[in-house]
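S.K.: Counting from 10, one number per residue, gives the positions in the sequence shown under the working numbering.
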Amino acid sequence: MKAQKTEPARMPEYRISESESMQYKLLYQIRMGNMSTSELDKLQFLCKSELHQLRSELDAMLQELRDMNKQMQQGKNENHKEKDKESIAA
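#1: Assuming the contact rule is C-beta atoms closer than 8 Å, Leu44 and Gln38 should be a hit. Round their C-beta distance to whole Å, please.
#2: Alpha carbon to alpha carbon, what distance is there between Leu74 and Asp68?
#3: Identify whether Ser45 lies in helix, strand or coil by the three-state DSSP scheme.
#4: Closest to Glu27 by C-alpha separation, out of Glu59, Glu66, Asn78 and Gln72, would be which residue?
#5: Reducing DSSP to helix, strand and coil, say where Ile2 ends up.
#6: Let me know the secondary structure DSSP gives Ser28 once reduced to three states.
#7: Please check the pair Ile25 and Leu63, which I expect to be a contact at CB under 8 Å, by giving their CB distance rounded to whole angstroms.
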């Protein structure tokens with residue numbers, strides 16, 4: 010029995026900033042105190058939301074890996090059973 014290849018779970022691609030230069034600009038604004046309390050609160054909310062999404066994506070990927078590992082282990086066990094039957098028959 011061959012393990013079927015499945016497509017990984019696709020999650021929405023939302024990130025606060027994919028650009029390193031934008032990240033550095035944001036860090037600079039925070040460090041210089043140029044952001045208001047409401048802007049910082051909004052940024053904190055976005056960061057928490059993104060972290061939650063990343064954790065969900067990671068959980069989904071880990072579950073896929075566990076499922077693949079389980080399928081591979083079952084395939085190995087079936088392989089060993091067939092070899093044992095062949096050696097007994099011979």
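Note that CB positions come from ideal geometry on N, CA and C, so glycine has one too. Predicted, not measured: the structure shown is a model, and the values here were computed from it.
M.R.: Let's see:
#1: On the sequence shown, position 35 is the one that residue 44 refers to. On the sequence shown, position 29 is the one that residue 38 refers to. The sequence shown places Met at residue 44, not Leu. With 8 Å as the limit, Met44 and Gln38 qualify as a contact, their Cβ atoms being about 5 Å apart.
#2: What you label residue 68 is simply residue 59 of the sequence shown in a count that begins at 1. What you label residue 74 is simply residue 65 of the sequence shown in a count that begins at 1. Cα-Cα distance, rounded: 10 Å.
#3: If you number the sequence shown from 1, residue 45 lands on position 36. Three-state result, Ser45: coil.
#4: Counted from its first residue, the sequence shown places residue 27 at position 18. If we check each option's Cα against that of Glu27, Glu59 comes out closest.
#5: Outside the shown range of the chain, which is 10 to 99, sits residue 2, and nothing can be said about it.
#6: In the sequence shown, residue 28 corresponds to position 19, counting from 1. Coil at Ser28, not helix or strand.
#7: Taking the first residue of the sequence shown as 1, we reach residue 25 at position 16. Taking the first residue of the sequence shown as 1, we reach residue 63 at position 54. No, Ile25 and Leu63 are not in contact; Cβ-Cβ is about 11 Å, not under 8 Å.
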